[in-house]
Amino acid sequence: MPQIPSSARGARFIGWGTSLGHRVVTNDELTASMDTNDEWIRERTGIHRRHVGGSTAELSTISGQIALDMAGIDPKSIDALILATTTPDRTVPATSATVQNALGLACGAFDVNAACSGFVYGLVVAHGLIGVGAERIMVIGTDTLSRIVDWTDRNTAPLFADGSGAAILESTKGSGQLLGWDIDADGSAEEILYAEVGSTIQMNGKEVFRRAVRIMVDSAQKSMAAAGVTTEDISIVIPHQANIRIISAACDRLGISMDKASISIHETGNTSSASIPLALFGDFGQVKPKDGDIVLLVGFGAGMTAASAILRWNAQ
Ligand code: COA
Numbered sequence: 005m006p007q008i009p010s011s012a013r014g015a016r017f018i019g020w021g022t023s024l025g026h027r028v029v030t031n032d033e034l035t036a037s038m039d040t041n042d043e044w045i046r047e048r049t050g051i052h053r054r055h056v057g058g059s060t061a062e063l064s065t066i067s068g069q070i071a072l073d074m075a076g077i078d079p080k081s082i083d084a085l086i087l088a089t090t091t092p093d094r095t096v097p098a099t100s101a102t103v104q105n106a107l108g109l110a111c112g113a114f115d116v117n118a119a120c121s122g123f124v125y126g127l128v129v130a131h132g133l134i135g136v137g138a139e140r141i142m143v144i145g146t147d148t149l150s151r152i153v154d155w156t157d158r159n160t161a162p163l164f165a166d167g168s169g170a171a172i173l174e175s176t177k178g179s180g181q182l183l184g185w186d187i188d189a190d191g192s193a194e195e196i197l198y199a200e201v202g203s204t205i206q207m208n209g210k211e212v213f214r215r216a217v218r219i220m221v222d223s224a225q226k227s228m229a230a231a232g233v234t235t236e237d238i239s240i241v242i243p244h245q246a247n248i249r250i251i252s253a254a255c256d257r258l259g260i261s262m263d264k265a266s267i268s269i270h271e272t273g274n275t276s277s278a279s280i281p282l283a284l285f286g287d288f289g290q291v292k293p294k295d296g297d298i299v300l301l302v303g304f305g306a307g308m309t310a311a312s313a314i315l316r317w318n319a320q
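All letters in the sequence shown, in the order written, are residues 5 to 320 by this note's numbering.
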């Protein structure tokens with residue numbers, strides 16, 4: 005379990021932004037194309053509606069521009085763009101190249117595919133880049149899963165949707181916000197959640213659910229140990245928004261009250277790489293960090309990946 009050296013140069017967020025698919029799709033609307041109902045979807049998943057529409061580059065450019073405006077910085081001062089996505093617009097080039105141009109950045113740009121853990125993977129990599137000399141990094145998590153679901157499949161279509169969340173990190177004089185981190189993957193489980201190139205998502209929902217709770221808890225515990233904190237120290241949890249019952253079971257096993265968890269799944273559905281930044285920075289997550297709060301970000305996804313990070317909010 006890697007620990008952050010006390011000499012490492014730190015970073016903090018200086019701007020953020022979010023965007024959602026252009027059109028709201030209600031649970032009732034889904035009943036036209038599959039055998040489902042609003043009550044089942046709300047009770048079994050926590051989802052009331054979702055937003056769909058737009059390309060990965062379009063949604064990323066909107067959230068990235070909002071983050072730039074908030075930070076009030078010259079786009080040319082960004083040293084790298086990391087776009088976490090499972091749904092690139094093209095196989096080649098990386099969608100980050102399109103977004104880099106649209107935002108007027110002049111820096112390296114690359115995509116990270118770690119499914120729903122992607123934003124936290126990107127965040128960890130961004131802190132690493134700042135540790136080796138970068139001043140400012142933009143990390144975006146965006147997915148347009150509506151483009152790769154079968155809209156007649158009730159096992160998957162009610163769950164997935166489109167969204168984006170962006171953050172800009174800047175180097176700090178002190179040790180910065182990141183106290184501990186963990187990234188994991190177990191490729192032996194890839195058959196329980198996958199999409200072939202050009203095809204739709206296939207999922208063994210029960211098996212994903214079972215493993216998800218376990219690997220979220222495991223990853224969170226590794227990050228907390230690396231950071232030297234315990235569950236009592238955690239002020240806020242920003243979990244991946246896949247199913248309200250997964251979040252509740254993971255919080256329960258960690259011994260963290262659900263009141264501390266930011267929940268946006270009722271409005272957004274599962275937006276994969278965008279899920280954590282939407283719950284952290286978006287309008288729907290009702291729990292927002294204050295200066296000095298210890299924040300746990302924790303996600304899991306296809307791969308099966310897991311990732312977590314412990315942040316001290318607004319640390320210098
Ligand atoms: N609408 C109505 N009924 C549905 C339904 C739907 N969309 N989907 C399944 N059902 C029915 C089933 O046919 C079954 O009926 P039966 O009891 O008559 O056989 C019943 O509901 C229960 O099905 P089950 O598969 O046991 O539901 P579940 O409680 O496991 O919930 C998921 C299904 C997919 C919501 C849940 O397993 C889940 O969230 N898994 C994790 C998925 C995930 O997080 N993926 C992304 C990872 S990043």
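For every residue, glycine included, the Cβ atom is placed at its ideal position computed from N, Cα and C. Values in this document were obtained by computation on a predicted structure and should not be read as measured data.
Reference residue i, options the options, closest by Cα
| i | options | result |
| --- | --- | --- |
| A119 | V302, R316, Q320, A319 | V302 |
| F123 | P79, D256, D186, I51 | D186 |
| M220 | A253, G202, V201, T160 | A253 |
| M308 | H270, K292, S121, K80 | S121 |
| G25 | S11, G58, A75 | G58 |
| T22 | A189, G145, T204 | G145 |
| G112 | A283, A84, E139, D39 | A84 |
| T234 | I314, G202, L34, A189 | I314 |
| E236 | S261, S227, G191 | S261 |
| Q104 | Q225, T65, A130 | T65 |
| E194 | G202, M207, D157 | M207 |
| A36 | W155, S268, N274, R257 | W155 |
| A130 | F213, D256, I82 | I82 |
| G209 | G137, L258, D256, G305 | G305 |
| L107 | G259, A98, D78 | D78 |
| L34 | R215, I196, Q7, T160 | T160 |
| V291 | T272, N274, G273, S239 | S239 |
Any non-hydrogen atom of the ligand COA within 7 Å of residue i CB
| i | result |
| --- | --- |
| K177 | no |
| I45 | yes |
| V116 | no |
| I250 | yes |
| F213 | yes |
| R218 | no |
| T234 | no |
| N274 | yes |
| F304 | yes |
| C120 | yes |
| L329 | Absent from the structure is residue 329, since the part of the chain shown begins at 5 and ends at 320. |
| R48 | yes |
| N159 | yes |
| G209 | yes |
| N247 | yes |
| N31 | no |
| T90 | no |
| A156 | The sequence shown places Thr at residue 156, rather than the Ala named in the question. Checking every heavy atom of the ligand COA against the Cβ of T156, none is found closer than 7 Å. |
| P243 | no |
| T40 | yes |
| L197 | yes |
| L301 | no |
Test item: CB-CB of residue i and residue j under 8 Å
| i | j | result |
| --- | --- | --- |
| S276 | L183 | no |
| A170 | S67 | yes |
| G289 | S312 | no |
| R16 | E174 | yes |
| V299 | I250 | no |
| V28 | R53 | yes |
| S168 | A283 | no |
| S268 | G286 | yes |
| N31 | P162 | yes |
| Q320 | G178 | yes |
| A230 | G135 | no |
| V128 | I205 | no |
| M5 | K226 | yes |
| D39 | R158 | yes |
| A310 | D222 | yes |
| A224 | M142 | no |
Expected contact under 8 Å - CB spacing of residue i and residue j to nearest Å
| i | j | result |
| --- | --- | --- |
| A165 | H55 | 6 Å |
| I86 | G126 | 4 Å |
| T89 | D115 | 6 Å |
| G180 | G14 | 2 Å |
| W317 | P293 | 4 Å |
| I172 | G76 | So it is not a contact: roughly 10 Å between Cβ atoms. |
| T60 | D188 | With 8 Å as the limit, T60 and D188 do not qualify as a contact, their Cβ atoms being about 25 Å apart. |
Any non-hydrogen atom of the ligand ATP closer than 7 Å to residue i Cβ
| i | result |
| --- | --- |
| T146 | The ligand ATP is not part of this structure, which contains only the ligand COA. |
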